[in-house]
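Comments concern the structure below.
Numbering (the working numbering), first residue to last: 487 to 998.
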């Protein structure tokens, strides 16, 4: 997952580097249509935009609304700052470099390969965690497949540096898959490996000053080129500026191996569609295989992003758009997804903008009202456990969903998504405290309208959007007490109860 704060600082320099390297790209003669001898499954879809736009989002995803994701890997061992550690530890002057120097040693002597060796996952209990996720209300679970650190979390056929051979020596993806399917959850995988090619190139650096100036970091050792790659020009932080043909093919083979082994219902790419036609080849391969797995029915979800920069391409309607840590401005005609995290993307020792259950609940209601899903990241410690506060948050989520899930699962957007003072789309973190009892979000199912009040009402509520609607009844989910309500010319007025059934948002069930 990309770190927006670091990303925006680096994107300008990356674009400048792209101008320098674009000539190399032209000379190389690697065209979009170059035949890389990729093995693409035959079927309904071929590797063109027109063909892929035949895609229809499956109903299971539209009904599910809420999924849980696990960012986990060797970077969880230091548990410092977040998900950029594998790169930043090789860049003098960064917090990660200084932390690594103090706690592990100089990167010429102790590199990321050694951090991988320290990752044991000794307390990992996927069954216990999946029980917790299911009780929290998740209908699908997404496992990390490979992050920017070029380390695969399954027994990768094409990549020696994986979690079965090194570190925990466990098939992390396979263990997650077994636990999810056993409990009836849909299963997905995420891949973030596109930028590993340029990210891990920092391991070939050396200090420019100080007692170890000029001593190469461990990435220069040819024994570890499978992890660190051979040295090249690109040390950008986003999409590779001039990716060679072999790297495009390796990306395709590794991600194809991932789907062939685990047959996921969902695949998430951290960015746009990668590598021009190679990305289209992957999509056609995945969709065609998914249809074979499901007797001719397409049940696949492919998440990618509309970033409008050098992080891959975007084709509207060929998959399901993912919005990282934000929301859309209104009801989207196509299903979409927000990915968000409880704190940092990867676990850190120090607290970092931790959310509570109310924060997640109001976010979920806002997203679902706009035809979206929420994929919530729950970061794990290196041993495989989660923080006590995160466990309590999930239990609180489960308590809310046990009362209000009727207004979430299987719903569709109404004619408007909501009303109130907080209607604007957001990017970044929006908390429950940012909403009031006047902020209402609507969902619908058959002839029932659900009005989710994002703040606990302390006085009568007036839902102005319902002015002129014919209302047959109004009840409160989680309560058997009759409500006092009336229709006025400018809206539906509901009188508050002395006590509400939920600690966070409350839901009014309205028969029209």
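Each residue gets a CB set at the ideal place from its N, CA and C atoms; glycine is no exception. It should be emphasised that the depicted structure is a prediction, and the values quoted were computed from it without experimental measurement.
For residue i, I'd like the list of residues in its chain whose CB is within less than 7 Å of its CB, leaving aside the five on either flank, ordered along the chain.
| i | result |
| --- | --- |
| residue 908 | 920, 921 and 925 |
| residue 774 | 527, 528, 529, 530 and 531 |
| residue 703 | 576, 593, 594, 597, 689, 690, 691 and 692 |
| residue 661 | 612 |
| residue 508 | Per-residue confidence for residue 508 stands at a pLDDT of 39, beneath the threshold of 50, marking its modelled position as unreliable; the derived number appears in the next sentence. Within the same chain, residue 508 has no close Cβ partners at all. |
| residue 980 | 946, 947, 960, 969, 971 and 994 |
| residue 854 | 551, 894, 897 and 929 |
| residue 923 | 939, 941, 942, 943, 944 and 947 |
Residue i lies in the alpha helix (DSSP H); which residues open and close that run?
| i | result |
| --- | --- |
| residue 484 | For residue 484 there is no data in the structure shown, the boundaries of the chain being 487 and 998. |
| residue 740 | 731 to 748 |
| residue 666 | 658 to 668 |
| residue 547 | 545 to 550 |
| residue 537 | 535 to 538 |
| residue 770 | 763 to 779 |
Looking at the secondary structure, which residues open and close the beta strand (DSSP E) in which residue i lies?
| i | result |
| --- | --- |
| residue 631 | 626 to 632 |
| residue 603 | Careful: residue 603 lies outside any beta strand (DSSP E), inside the alpha helix (DSSP H) at 598 to 604. |
| residue 582 | Note, residue 582: premise wrong, no beta strand (DSSP E); alpha helix (DSSP H) at 581 to 589. |
| residue 927 | 926 to 931 |
| residue 684 | Here residue 684 belongs to no beta strand (DSSP E); instead the alpha helix (DSSP H) covers 682 to 685. |
| residue 672 | 672 to 677 |
| residue 712 | Where residue 712 is concerned, there is no enclosing beta strand (DSSP E), although the alpha helix (DSSP H) it sits in stretches over 711 to 714. |
| residue 615 | Where residue 615 is concerned, there is no enclosing beta strand (DSSP E), although the alpha helix (DSSP H) it sits in stretches over 612 to 622. |
| residue 1025 | Any answer about residue 1025 is impossible in this case: the structure gives the chain only from 487 up to 998. |
| residue 858 | 858 to 863 |
| residue 522 | That residue, residue 522, is in no beta strand (DSSP E); it is neither H nor E in DSSP. |
Since residue i and residue j should fall inside the 8 Å C-beta cutoff, what is the C-beta to C-beta distance between them, to a whole number of angstroms?
| i | j | result |
| --- | --- | --- |
| residue 893 | residue 993 | 5 Å |
| residue 680 | residue 730 | Actually they are not in contact, since the Cβ atoms of residue 680 and residue 730 sit about 13 Å apart, beyond 8 Å. |
| residue 806 | residue 822 | 6 Å |
| residue 626 | residue 707 | About 41 Å; that fails the 8 Å criterion. |
| residue 757 | residue 734 | Actually they do not touch by this definition, with Cβ atoms about 14 Å apart. |
| residue 571 | residue 564 | 6 Å |
| residue 677 | residue 766 | That pair is no contact at about 16 Å. |
| residue 619 | residue 880 | 7 Å |
| residue 658 | residue 640 | 7 Å |
| residue 739 | residue 652 | Not quite, the Cβ-Cβ distance comes to about 19 Å (not below 8 Å), so this is no contact. |
| residue 715 | residue 741 | Not confirmed; about 18 Å, so no contact. |
| residue 900 | residue 935 | 6 Å |
Compare the C-beta of residue i with all C-beta atoms of chain C and state if any pair is closer than 8 Å.
| i | result |
| --- | --- |
| residue 710 | Of the protein chains in this structure there is only one, and it is not chain C. |
Leaving out five residues before and five after residue i in sequence, what residues of the same chain have Cβ atoms less than 8 Å from its Cβ?
| i | result |
| --- | --- |
| residue 1077 | Beyond the ends of the chain as shown, which are 487 and 998, falls residue 1077; an answer cannot be given. |
| residue 655 | 649 |
| residue 898 | 548, 857, 929, 930 and 931 |
| residue 779 | 749 and 785 |
| residue 550 | 625, 626, 672, 859 and 895 |
| residue 534 | 766 |
| residue 819 | 857 |
| residue 590 | 564, 596, 600 and 601 |
| residue 543 | 787, 806, 820 and 821 |
Classify residue i as buried or exposed, calling it buried when 16 or more other Cβ atoms lie within 10 Å of its own Cβ.
| i | result |
| --- | --- |
| residue 1026 | This structure cannot speak to residue 1026, because the chain is shown only from 487 to 998. |
| residue 875 | exposed |
| residue 945 | exposed |
| residue 837 | exposed |
| residue 696 | exposed |
| residue 984 | exposed |
| residue 868 | buried |
| residue 622 | buried |
| residue 746 | exposed |
| residue 629 | buried |
| residue 975 | exposed |
| residue 604 | exposed |
| residue 638 | buried |
| residue 525 | exposed |
| residue 581 | exposed |
| residue 933 | exposed |
| residue 560 | buried |
| residue 841 | buried |
| residue 843 | buried |
| residue 540 | exposed |
| residue 573 | buried |
| residue 519 | Any reading at residue 519 needs caution, since the residue's pLDDT is 38, under 50, leaving its predicted position unreliable; the model's value is listed next. When all chains shown are included, residue 519 counts as exposed. |
| residue 878 | exposed |
Ordered along the chain, which non-local residues of its own chain (more than five positions away) have a Cβ less than 6 Å from that of residue i?
| i | result |
| --- | --- |
| residue 865 | 557, 832 and 833 |
| residue 510 | With a pLDDT of 39 at residue 510, under the threshold of 50, the modelled position of that residue is not reliable, and the figure given next carries that caveat. Answer for residue 510: 728, listed in chain order. |
| residue 646 | 712 |
| residue 830 | 568 and 838 |
| residue 555 | 628, 861 and 863 |
| residue 958 | 997 |
**OP:** Run through the segment 801 to 855 for me and flag every whole alpha helix (DSSP H) of 4 or more residues, listed as ranges in chain order.
**Re:** Within the segment 801 to 855, the complete alpha helix (DSSP H) runs of at least 4 residues are 843 to 855.
Subject >> Within the segment 948 to 993, ranges of the beta strand (DSSP E) (whole runs, at least 3 residues) >> reply: Every beta strand (DSSP E) of 3 residues or more that sits fully in the segment 948 to 993 is shown, in chain order, as 959 to 962, 971 to 974 and 977 to 980.
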